[in-house]
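What follows is a short report on a single structure.
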């Protein structure tokens, strides 16, 4: 007679033990599903055509840059051939070649340093996300530091940094010379290795980046590197308003 | 047997629960940078930026095609290609900042507290808006210029001190650069929030004269 209520109580207890996780389980499944559903709906309705347009324009830009490079090479060939004809043309060509080198229109190879900047790969608290990811201003600081250290040529993910270069941010997308990029960013710096390393290791410089690396796991690494290659600038020179004096 | 079955059920449910909870937390805390996740407003800005860049490259392609043909004709007719060479040299002298330049543009006057990182950001923003030549006070900004500060609050351009109030002048399209600087949420608006008490004045200029780089590039 006493065994029956005890069995009932045990069954009830087991049921309750299962009920709580089951409710939580259901709750989490529905939250996960709804988050995904909302994202998909928004993406399809507003972003898909814009996304397609952005990708098309980026592809078009790659093609245009290749055409521009071909035309520059062709004009170079014509100029070089012509420069064999007279002394004046030869001298002019030498000045053009020298300026191209300092302006970033030629490929450069040599030793230097490699800087890698990346978003934190470990999970961080939502409130700290801003501090754990890389921003365009981090890249401008790293480039500024490279010039300070005597850099002769710099490229960010294969985009040459020249006098007209901008490192721009829209939403979470970074553009260098108009090319869309995302982390990790590899900054190739050709120049005097010791001076460059000293500049990057100076504790008074890049304090914000170094603090975020130490506290929030931002990826930031500088290393000595040999046999580096920096490509030529492939964009437009865009000289329309400025007249040389 | 029943008790064992109950324990197994609870364990399985608890395992699922753990996996789901971790997935949910990670979804919130790992930053995703996919282009697919950009807002329509950001994508629209990206598209405008890409279009502008592509148009500039198209213009230059047309210009180069014309110049290539002209140079070819000139050489074929025995006139040589000095004219094309001079044109190219002039363009490169502006691009490399080794020549003083004149032209229309804008001027940004900064009067008050300011720092080298903000100056670098301002120059970066001007370049993105199509500036062809930039100077800070009398110091021309070159392809390898860097910005710093001195202990007595002067800023430096290539290690040369420039003291406030600072006049940042840029040659390029006055309309495009003016709008880029002064738009709502733009860089000047951000500076005004950060450097309270500092005055920022942006003006269109019909004729600017900027000096050449003082230090020759290596």
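Protein chains in written order, with the numbering used here: chain A, 1317 to 1561; chain B, 100 to 317.
No residue lacks a Cβ here, since even glycine has one placed at the ideal position from N, Cα and C.
Between the C-alpha atoms of residue 1404/A and residue 183/B, what's the straight-line distance to the nearest angstrom?
Cα to Cα, residue 1404/A sits roughly 13 Å from residue 183/B.
Quick check: the segment 1504 to 1524 of chain A against the segment 1464 to 1473 of chain A, are there 3 or more CB pairs under 8 Å?
As far as the Cβ criterion goes, the segment 1504 to 1524 of chain A touches the segment 1464 to 1473 of chain A, which means the pair count is three or higher.
Comparing the C-beta of residue 220/B with each C-beta of chain A, is any distance below 8 Å?
Yes, residue 220/B lies at the interface with chain A (some Cβ there is under 8 Å from its Cβ).
Excluding sequence positions up to five away, which residues of its chain have a Cβ less than 7 Å from the Cβ of residue 1550/A?
Cβ within range, chain order: 1381, 1384, 1385.
For residue 1329/A, does the count of other Cβ atoms within 10 angstroms reach 16, so buried, or fall short, so exposed?
Exposed: under 16 other Cβ atoms inside 10 Å.
Please list the residues of the segment 188 to 199 of chain B that have a C-beta atom closer than 9 Å to any C-beta atom in chain A, keeping them in chain order.
Per Cβ criterion, the list reads 188, 189, 190, 191, 192, 193, 194, 195, 196, 197, 198, 199.
I want to verify the contact list: residues of chain A whose CB lies under 8 Å from the CB of residue 170/B, in sequence order.
What residue 170/B touches in chain A: 1391, 1394, 1395, 1398.
Taking only three categories from DSSP, how would you classify residue 189/B?
Reduced to three states, the DSSP call for residue 189/B is helix.
Determine the closest residue to residue 1512/A out of 1481/A, 1469/A, 1491/A, with distance taken between C-alpha atoms.
Comparing Cα-Cα distances from residue 1512/A to each of 1481/A, 1469/A, 1491/A, the minimum goes to 1469/A.
Counting only the same chain and skipping the five closest in sequence on each side, list residues whose C-beta sits under 7 Å from that of residue 125/B.
A caution first: residue 125/B carries a pLDDT of 49, below 50, which makes its placement in the model too unreliable to give a value.
Is the distance from the Cβ of residue 1431/A to the Cβ of residue 1538/A below 8 Å?
Against a cut-off of 8 Å, the Cβ pair of residue 1538/A and residue 1431/A comes out as a contact.
Just to confirm, are residue 1510/A and residue 1484/A a CB contact at a threshold of 8 Å?
The answer is no: Cβ separation not under 8 Å.
Please state whether DSSP places residue 1505/A in a helix, a strand or coil.
Three-state DSSP puts residue 1505/A in a strand.
Closer than 8 Å, CB to CB, is residue 1422/A near chain B or not?
No, its Cβ sits nowhere closer than 8 Å to a Cβ of chain B.
Just checking my contact of residue 202/B with residue 297/B at CB under 8 Å: how many whole Å lie between their CB atoms?
28 Å between Cβ atoms; not a contact.
Within a Cβ cutoff of 6 Å, which residues of the same chain sit near residue 224/B, ignoring the five residues on either side of it in sequence?
Closer than 6 Å at Cβ, skipping near neighbours: 286.
What residues of chain A sit near residue 137/B, judged by a beta carbon separation below 9 Å?
Result: 1363, 1366, 1367, 1370, 1486, 1487, 1488, 1489.
List the endpoints of the continuous alpha helix (DSSP H) containing residue 1477/A.
Element bounds for residue 1477/A: n/a, residue is neither H nor E.
Are the CB atoms of residue 311/B and residue 230/B within a distance shorter than 8 Å?
For residue 230/B and residue 311/B, no; Cβs fall outside 8 Å.
Going by beta carbon distance, what residues of the same chain come within less than 7 Å of residue 264/B, once the five residues before and after it are set aside?
Around residue 264/B: 208, 209, 210.
Which residues in chain A sit within 8 Å of residue 227/B, going by Cβ to Cβ distance?
Those are 1482, 1484, listed as they occur along chain A.
Which value, in whole angstroms, describes the spacing of the CA atoms of residue 1398/A and residue 177/B?
In a straight line, the C-alpha of residue 1398/A is about 10 Å away from that of residue 177/B.
Is the Cβ of residue 304/B closer than 8 Å to any Cβ of chain A?
No, its Cβ sits nowhere closer than 8 Å to a Cβ of chain A.
Kindly indicate if chain A contains any beta-carbon less than 8 Å away from that of residue 246/B.
At least one chain A Cβ lies under 8 Å of residue 246/B.
Would you say residue 1543/A lies against chain B (beta-carbon separation less than 8 Å)?
Chain B contact via Cβ: absent.
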